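Asker: Residues in the sequence shown are numbered consecutively from 1, following UniProt numbering.
We put the beta carbon where it would ideally sit given N, CA and C, even for glycine.
It should be emphasised that the depicted structure is a prediction, and the values quoted were computed from it without experimental measurement.
If you scroll down you'll find the structure; I have some questions about it.
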Amino acid sequence: MKKHNFYAGPSILPEFTKQKTAEAAVDFAGTGLSVMEVSHRSKEFVAVMDEAVALVKELLKVPEGYSVLFLQGGASLSFLMAPYNLMKSKAAYLVTGSWASKAMKEAKYFGEVVEVASSKDKNFNYIPKAFEVPADADYLHITTNNTIFGTEIKTDLDVPVPMIADMSSDIFSRPIDVAKYDMIYAGAQKNLGPSGATLVIIKDEALDKTGRTIPTMLDFQTHIKNDSMFNTPSTIAVYACLQTLIWLKDKGGVEAMEKINIEKADLLYAELDRNKLFVPTVPAAEDRSRMNVTFVMAEGYEALEKEFNEFATSKGMIGLKGHRSVGGFRASIYNAMPVESVQALIDVMAEFEANH
Ligand SMILES: *Cc1c(COP(=O)(O)O)cnc(C)c1O
């Protein structure tokens, strides 16, 4: 039976990425060696890193004056590296979920942190709109897609200070105006590749302004000067990321991907609004994530939760269980998820409804 992978992360990858990476795991670039056993300084691997960086710049139209890095430590290490490198004394944070809260916690080591707004009062089921960003803040930190709670900021905000964005779970899902950001970061394991690589896009000019001494590995300039090879990168993870970038370009880039993502999300939310057994956890359509669709059993049908989970699993739907802080279900429908799998889930939901 075909498996439909709805896991939130690590999560679905394009068939192309898996095939190419599987091949390179045995024979990389005609070397007769695995991509896991060649030097990261070999000309073959340096070419992989260079091409991955170039494709990130091309696909996201990264302007001059930005560096693209493939690091390790996940988005979680970027929570710390962002303020360490970019916060002089005051930073603003928009708290839209658990990851945003974790990011804000790290900034508190470096100065005054202003929480401009939080949606914690409603278990993060909306994106706060009316908030003021202090004009003297060094940056506003946002989490564009809230993987756990199913909300998303789908446009590049207009604020009086540069932004830093955690785009772990929606990078490459739509075009972005990189010039509005001093830094963008993303753990690879949602929309790009396997875990083990972290993509960082950083404005060179924003660095070296804090007056702070930064330990070597935590200093972005170390990684910029060494082309992401100060320490040994996860070669197979970067290789897999490159394959996804090649696949994405072939699909028509982020502009084409956004269209497909809107189509998939619209299909699934329409079913949730129609089907009497389920309700989406995010009431406002404009706040609903295109990447992580969260839903629970409708009032009066709560007792069917376990049964639906088993029914869906029996039909090949994998990873639908919601995060423990929301409950219910979460369908993660990242770039690599085909429309057919979303339709298959909708069919299962409709069949379950008909059975009850
Ligand atoms: C998954 C996720 C993280 C955590 O990523 P790690 O790579 O495990 O550190 C952070 N932020 C968001 C938005 C995520 O989805």
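My output table needs one value for residue 275: the three-state DSSP class, helix, strand or coil.
Answerer: coil
Asker: Keeping to the same chain, check which residues put their C-beta closer than 7 Å to that of residue 59; ignore five residues upstream and five downstream.
Answerer: Excluding residues within five positions, the ones whose Cβ falls inside 7 Å are 172, 245, 248, 249, 253, 254.
Asker: Residues in its own chain within less than 8 Å of residue 159 by CB, not counting five upstream and five downstream?
Answerer: 133, 140
Asker: Can you tell me whether DSSP reads residue 171 as helix, strand or coil?
Answerer: In the structure shown, residue 171 sits in coil (DSSP, three-state: anything other than H, G, I, E or B).
Asker: So is residue 173 in contact with chain D if we call contact Cβ pairs under 8 Å?
Answerer: In the structure shown, chain D does not exist; there is a single protein chain.
Asker: Kindly give me the distance between the Cβ atoms of residue 243 and residue 20, rounded to whole angstroms, as I take these residues to be in contact under 8 Å.
Answerer: 4 Å
Asker: Among 46, 241, 306, whose alpha-carbon lies nearest the alpha-carbon of residue 322?
Answerer: 306
Asker: Among the residues of its own chain, which have a CB less than 8 Å from the CB of residue 102, if the five just before and after it don't count?
Answerer: Closer than 8 Å at the Cβ level, and outside the excluded window around residue 102, lie 76, 79.
Asker: How would you label residue 202, buried or exposed, when you count the other beta carbons within 10 angstroms and need 16 or more for buried?
Answerer: Here residue 202 is buried, its C-beta having at least 16 other C-beta atoms within 10 Å.
Asker: Could you compute how far the alpha carbon of residue 169 sits from the alpha carbon of residue 6?
Answerer: Looking at the backbone, the Cα of residue 169 and that of residue 6 are separated by about 13 Å.
Asker: Once DSSP output is grouped into helix, strand and coil, what is the label at residue 339?
Answerer: helix
Asker: Quick one: what does DSSP say residue 115 is sitting in, helix, strand or coil?
Answerer: Residue 115 falls in the strand class under three-state DSSP.
Asker: Measuring alpha carbon to alpha carbon, tell me which of 148, 165, 175 ends up nearest residue 328.
Answerer: Minimum Cα-Cα distance from residue 328 among the listed residues 148, 165, 175 corresponds to 148.
Asker: Can you tell me which of the three DSSP states residue 101 falls into?
Answerer: In the three-state reduction of the DSSP assignment, residue 101 falls in the helix class, which pools H, G and I.
Asker: Where does the unbroken alpha helix (DSSP H) through residue 79 begin, and where does it stop?
Answerer: 74–86
Asker: Do the segment 88–100 and the segment 192–207 meet, that is, are 3 or more Cβ pairs less than 8 Å apart?
Answerer: no
Asker: Beta carbon of residue 284, beta carbon of residue 126: below 8 Å?
Answerer: yes
Asker: Would DSSP call residue 203 helix, strand or coil?
Answerer: strand
Asker: Given this structure, state the Cα-to-Cα distance separating residue 350 from residue 265, to the nearest angstrom.
Answerer: 17 Å
Asker: Going by C-alpha distance, which of 336, 356, 225 is nearest residue 304?
Answerer: The candidate whose alpha carbon is nearest that of residue 304 is 356.
Asker: Buried or exposed: where does residue 108 fall if 16 or more other Cβ atoms within 10 Å of its Cβ makes it buried?
Answerer: exposed
Asker: Give the secondary structure of residue 293 by DSSP, where H, G and I count as helix, E and B as strand, and everything else as coil.
Answerer: strand
Asker: Can you tell me where the beta strand (DSSP E) holding residue 164 begins and where it ends?
Answerer: Counting along the chain, the unbroken beta strand (DSSP E) around residue 164 starts and ends at 163–166.
Asker: Restricting to Cα atoms, I'd like to know which of 271, 129, 38, 106 is closest to residue 116.
Answerer: Ranking the options by Cα distance to residue 116, first place goes to 129.
Asker: Can you list the beta strand (DSSP E) stretches of 3 or more residues lying completely in the segment 186–253, in chain order?
Answerer: 198–203
Asker: Which two residues bound the contiguous beta strand (DSSP E) that contains residue 329?
Answerer: 329–332
Asker: Can you tell me whether DSSP reads residue 90 as helix, strand or coil?
Answerer: Annotated three-state conformation of residue 90 is strand, per DSSP.
Asker: Using a Cβ-Cβ cutoff of less than 8 Å, which residues in the same chain neighbour residue 318 once the five nearest sequence positions on both sides are dropped?
Answerer: So the list reads 3, 4, 5, 6, 7, once near-sequence residues are dropped.
Asker: May I ask you to report which of helix, strand or coil DSSP gives residue 304?
Answerer: helix
Asker: DSSP three-state label for residue 269, please.
Answerer: Residue 269 falls in the helix class under three-state DSSP.
Asker: Which residues does DSSP pair with residue 146 in a beta bridge?
Answerer: 151
Asker: Look at the Cβ atom of residue 1, then the Cβ atom of residue 316, and state whether they are nearer than 8 Å.
Answerer: yes
Asker: Nearest by alpha-carbon distance to residue 223: which of 200, 337, 138 is it?
Answerer: By alpha-carbon distance to residue 223, the top candidate from 200, 337, 138 is 200.
Asker: If you check the beta carbons only, do residue 296 and residue 288 fall under 8 Å apart?
Answerer: no
Asker: For the candidate residues 293, 273, 292, 82, whose alpha-carbon lies nearest to that of residue 353?
Answerer: 273
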